[in-house]
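The block underneath contains the structure these notes are about, expressed in C-alpha cells.
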Amino acid sequence: MKKLIILVVFLFVGNIFALAQSDSLSFNLNESRSKHIRHLLDYRFKGGAGAFERAFFATVDYTTEARKNCIVGTVIVSFTVDCNNVLGDFRMRNPLHVGLNEKLQEFYKSTEGQWNQCNDDKYTRFEIPILFTIKGTETDAKGYLVVEAESPGFTCKSDAYFMQQFEKFKSKGKTKRALESLDMLIRRDPYNQKYYDLKRELLSTGN
294 MKKLIILVVF
304 LFVGNIFALA
314 QSDSLSFNLN
324 ESRSKHIRHL
334 LDYRFKGGAG
344 AFERAFFATV
354 DYTTEARKNC
364 IVGTVIVSFT
374 VDCNNVLGDF
384 RMRNPLHVGL
394 NEKLQEFYKS
404 TEGQWNQCND
414 DKYTRFEIPI
424 LFTIKGTETD
434 AKGYLVVEAE
444 SPGFTCKSDA
454 YFMQQFEKFK
464 SKGKTKRALE
474 SLDMLIRRDP
484 YNQKYYDLKR
494 ELLSTGN
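In case it helps, my numbering puts the sequence shown at residues 294 to 500.
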C-alpha cells in the first residue's frame, strides 16, 4: 500500500513538472517569436514596430458580426516586402472571415510605401500572429498583436468549454463532434502543438 501511494505521488509530481516545462517552453517560444517580429519591423518599417502597431490599430478592429457571434481566434498573417519595398505573397493561415480577413488585407495594402530598403533577403518575409478576442473570454491564445472587442452582452465560451466538449464527444465515440471542438481550439491557438497531437491521435484511433 505504501509503495502504491509513493508511486501515485511520483506520477502526480511528474505530471505537474511536465506541465510546467510545457508552459515554460510555450512562453519562451512566444517571447522569441515576438522579439523576432519586433526586430524585423524595427529594421524594415518606417518608424519601427511602434509605428507599425499604431497603423494597424488605426485600420483593424472587430466587425459587428464577429463580435455578436463571439468569433475568437488567431490569424497568422504572412507576407513579403522585398528589399526594393515591393509588397507580395500575402497569405492568411487560420482565417476568421465575417469581415476580419478583409480588414487585414486592407491594412496590408495600406502599408505600401512605408517600408525601408534592405540588402539581405532574410529581412523580407514576415509572419505575424494576430489574436482577435473579446473581453471576458477565457483563452490561452497569444498574438503579437491583439484586437479586443467589447462583450456582446453575454460571456463567450472559454477554451475550457471546448476542451470539455472534446472529451465528452470523444468518450461517446462521436469523432466528428470531437473534431469540431478541437478545431475551435486550433482556431484560437494555432501554435498549440497539443491540439494537433490530440487531433492526430483521435483520427488514428477512430474513436
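Where is the CB? At the ideal position from N, CA and C, for every residue including glycine.
None of the values given here were measured: they were computed from a predicted structure.
- Excluding residues up to 5 positions away in sequence, 455, 458, 459, 462 lie with their Cβ nearer than 7 Å to the Cβ of residue 474 in the same chain.
- Residue 425 has 366, 440 as its beta-bridge partners, per DSSP.
- Of the other Cβ atoms in all chains shown, fewer than 16 fall within 10 Å of the Cβ of residue 446; this residue is therefore exposed.
- Ranked by Cα distance from residue 325, the first of 487, 449, 436 is 436.
- Looking at the DSSP output, residue 371 bridges to 384, 420.
- Around the beta-carbon of residue 424, 16 or more other beta-carbon atoms lie within 10 Å, marking it buried.
- Looking at the DSSP output, residue 462 sits in no beta bridge, so it has no partner there.
- Note on geometry: alpha-carbon atoms of residue 344 and residue 355 lie some 21 Å from one another.
- Taking 8 Å as the upper bound for CB-CB distance, residue 380 and residue 346 are not in contact here, some 18 Å apart.
- Burial check for residue 351: the Cβ neighbour count within 10 Å stays below 16, so the residue is exposed.
- Taking residue 451 as reference, the option from 365, 496, 338 with the minimal CA-CA separation is 365.
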